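Engineer: Got a structure for you, written out below as structure tokens; questions coming shortly.
Numbering (the UniProt record's numbering), first residue to last: 1 to 514.
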């Protein structure tokens, strides 16, 4: 395993002795004051880095720096803030390969997928730069003579971003690049499983800020710590918005804490994504989408395909073809060319996968293939598995849970209306897809009577959302929307202004008070 990417990015300069800094604000860096922990590579289990957890007490000083940064950043013209983001995108493009290697080292993604994640960061920079000149509101007709109404959008304040291990750079970029053009300093609390990715992003941003003296250095800050730090961030009134990505249980905790102080939370939580395959579907096209959506990233995407709802007339042949395709997937070191499936993030993830498979069998399921740990031809110490296919009833309890591993449950249906009911009966509502050549089925799937998910695709898989559309889902997925469309409004506050340019003072609703 090569760690030259850490040297090239300058990450190794962000430590004291062998311990990396846990609190980085641009103005200063310091070690955490809490307990020590090590982050390990899922590739072979080797320790990559050592940190001391940042503590809630250290958050107080960071909060003061963020508040000072906001007072400056909010008054810098939005196109200038867009210039900051444009340069960050250029810097990320310059080091695209090295950034992707850090993702592979810490998250276990195959290099092509890691490169795609860095490209997503670059793309959202382009989107945010354009948005920096379109932070506009409405002109509103007033009912009062000699009056004009309008709507403005202003910077919101410091924004906290809590991320998960599986998309350590893209999720931060969705929030940070838009937040910056909107005038908000960004504090990142990354997953403790991917802290070097956070340092890489911090380094890229600070390289740019160093050449822009009008931009406050604390506009991009990082604190690396555990649950107590996350709880302190969520409870802090300094953050009018907390954006959190992770499990539904984590999101519920964040939402309760933030709501308790009447703040805003933007939640991207669990997904239990389904694909309906109609008897009219192009099965060759569907097969390619199924394999990538279900086995890509070793099943560790929030948009991973977990339920394949297939018409009873085509299910047997399709399952046979998917199982055959699974047998050709190369599983191994994600940094090596040709491998298509990397490792699970850690032993705990492997244990949860095995527990889910045992539960599926106990609930009447049949494991068609996969589920075993791979030990030959892969680095020792990593938890590599064969993607699993399980035929099971749609109402089995395990099917309604999200297991963050490559398990795909195969369910069957008779009528299209039944397929939609099966899709919508789970508590999560992130991504969904249908493969059909029927216009009626496609339109019904996207209608109010169709998919209840935030993403509803026709003839493409559940994974691989583009940055131009708002990303997020309903129900236990949290209701948040990030990235494209009008997601920028999350990071701003709205004001309604009324201007009286006449000589009288009429009241609204015809009220007379004289």
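Where is the CB? At the ideal position from N, CA and C, for every residue including glycine. Owing to the predicted nature of the structure, the values given are computational and were not obtained by experimental measurement.
Leaving out the 5 sequence neighbours to the left and right, which residues in its chain are closer than 7 angstroms to residue 430 when beta-carbon positions are compared?
Structural biologist: Cβ within range, chain order: 271, 273, 302, 303, 453, 454, 455, 473 and 477.
Engineer: Assign residue 21 to one of three DSSP states: helix, strand, or coil.
Structural biologist: Correct three-state label for residue 21: coil.
Engineer: Kindly indicate which residue of 264, 79, 12 and 59 has the alpha-carbon position closest to the one of residue 48.
Structural biologist: The option with the nearest alpha carbon to residue 48 is 12.
Engineer: What whole-angstrom Cβ distance do residue 149 and residue 140 have, given they're in contact under 8 angstroms?
Structural biologist: That pair is a contact at about 4 angstroms.
Engineer: Report the rounded CA-to-CA distance for residue 288 versus residue 275, giving the unit in angstroms.
Structural biologist: About 13 angstroms.
Engineer: Going straight from the alpha carbon of residue 486 to that of residue 365, what length do you get?
Structural biologist: Roughly 42 angstroms separates the two Cα atoms.
Engineer: Return helix, strand or coil for residue 333, following the three-state DSSP convention.
Structural biologist: Three-state DSSP puts residue 333 in coil, outside helix and strand.
Engineer: With DSSP run on the structure shown, which of helix, strand or coil describes residue 504?
Structural biologist: In the structure shown, residue 504 sits in coil (DSSP, three-state: anything other than H, G, I, E or B).
Engineer: Kindly give me the distance between the Cβ atoms of residue 408 and residue 308, rounded to whole angstroms, as I take these residues to be in contact under 8 angstroms.
Structural biologist: Confirmed, Cβ separation roughly 6 angstroms.
Engineer: Along the beta strand (DSSP E) that carries residue 488, what are the first and last residues, could you check?
Structural biologist: No beta strand (DSSP E) contains residue 488, which DSSP labels as neither H nor E.
Engineer: With DSSP run on the structure shown, which of helix, strand or coil describes residue 66?
Structural biologist: In the structure shown, residue 66 sits in a helix (DSSP, three-state: H, G or I).
Engineer: Sort 255, 334 and 221 by Cα distance to residue 68 and report the nearest one.
Structural biologist: With distances taken between Cα atoms, residue 68 lies closest to 221.
Engineer: Taking all protein chains shown into account, do 16 or more other C-beta atoms lie within 10 angstroms of the C-beta of residue 505, making it buried, or fewer, making it exposed?
Structural biologist: Classification of residue 505: exposed, given that the 10 Å Cβ count is below 16.
Engineer: List the endpoints of the continuous alpha helix (DSSP H) containing residue 238.
Structural biologist: No alpha helix (DSSP H) contains residue 238, which DSSP labels as neither H nor E.
Engineer: Under the three-state reduction of DSSP, which class applies to residue 420: helix, strand or coil?
Structural biologist: Helix, per DSSP.
Engineer: Judging by CA-CA distance, which residue of 177, 108, 397 and 142 is the nearest neighbour of residue 131?
Structural biologist: The shortest Cα separation from residue 131 among 177, 108, 397 and 142 belongs to 177.
Engineer: What residue range is occupied by the uninterrupted beta strand (DSSP E) comprising residue 155?
Structural biologist: Where residue 155 is concerned, the enclosing beta strand (DSSP E) stretches over 147-155.
Engineer: Below 8 angstroms on the Cβ atoms is my contact criterion, and I expect residue 154 with residue 446 to pass it. Report the Cβ-Cβ distance as a whole number of Å.
Structural biologist: The pair is not a contact, with the Cβ atoms about 35 angstroms apart (cut-off 8 angstroms).
Engineer: In this structure, how does DSSP classify residue 272 when only helix, strand and coil are distinguished?
Structural biologist: DSSP places residue 272 in coil when its eight states are reduced to three.
Engineer: Ordered along the chain, which non-local residues of its own chain (more than five positions away) have a Cβ less than 8 angstroms from that of residue 497?
Structural biologist: Once the five neighbours on either side are set aside, the close Cβ partners of residue 497 are 149, 150, 151 and 152.
Engineer: Give the DSSP-derived three-state secondary structure of residue 399 in the structure shown.
Structural biologist: In this structure, residue 399 counts as helix in the three-state DSSP scheme.
Engineer: With DSSP as the reference, please indicate the residues paired to residue 162 in a beta bridge.
Structural biologist: Paired residues: 189 and 244.
Engineer: Report all residues from its chain with a CB closer than 6 angstroms to the CB of residue 239; omit the five preceding and five following residues, and keep chain order.
Structural biologist: Correct list, in chain order: 158 and 160.
Engineer: What number of angstroms, rounded off, separates the C-alpha of residue 90 from the C-alpha of residue 122?
Structural biologist: Approximately 7 angstroms between the Cα atoms of the pair.
Engineer: Measuring straight from C-alpha to C-alpha, what distance separates residue 468 and residue 484?
Structural biologist: Between residue 468 and residue 484, the C-alpha separation is close to 4 angstroms.
Engineer: So residue 293 and residue 305 are supposed to be a Cβ contact under 8 angstroms. How far apart are they, rounded?
Structural biologist: At roughly 4 angstroms, the Cβ-Cβ gap stays under 8 angstroms, so residue 293 and residue 305 are in contact.
Engineer: Please tell me whether residue 360 and residue 390 are closer than 7 angstroms, where the distance is taken between their beta carbons.
Structural biologist: In this structure, residue 390 lies closer than 7 angstroms to residue 360 by Cβ.
Engineer: Report yes or no: do the region 413-422 and the region 374-389 share at least 3 C-beta pairs separated by less than 8 angstroms?
Structural biologist: No, they do not touch.
Engineer: Does DSSP put residue 453 in a helix, in a strand, or in coil?
Structural biologist: In this structure, residue 453 counts as coil in the three-state DSSP scheme.
Engineer: In angstroms with no decimal places, state the Cα-to-Cα distance between residue 433 and residue 342.
Structural biologist: Near 25 angstroms, if we compare the C-alpha coordinates of residue 342 and residue 433.
Engineer: If I measure Cβ to Cβ from residue 376 and keep anything under 8 angstroms in the same chain, skipping five residues before and after, which residues do I get?
Structural biologist: Contacts found: none.
Engineer: Is it the case that the Cβ atoms of residue 10 and residue 22 are separated by a distance below 7 angstroms?
Structural biologist: No.
Engineer: Can you list, in chain order, the residues of its chain with a C-beta nearer than 6 angstroms to that of residue 232? Leave out the 5 residues immediately preceding and following it.
Structural biologist: Excluding positions up to five away in sequence, the list reads 56 and 59.
Engineer: Run through DSSP, which three-state label would residue 413 get?
Structural biologist: Looking at residue 413 - three-state DSSP - the assignment turns out to be strand.
Engineer: Counting only runs of 3+ residues fully inside the region 23-64, write out the beta strand (DSSP E) ranges in chain order.
Structural biologist: For the region 23-64, whole beta strand (DSSP E) runs of length 3 or above, ordered along the chain, are 36-40 and 47-52.
Engineer: For residue 94, would you say it is in contact with chain B, using Cβ-to-Cβ distances shorter than 7 angstroms as the test?
Structural biologist: Of the chains in the structure shown, none is chain B; there is only one protein chain.
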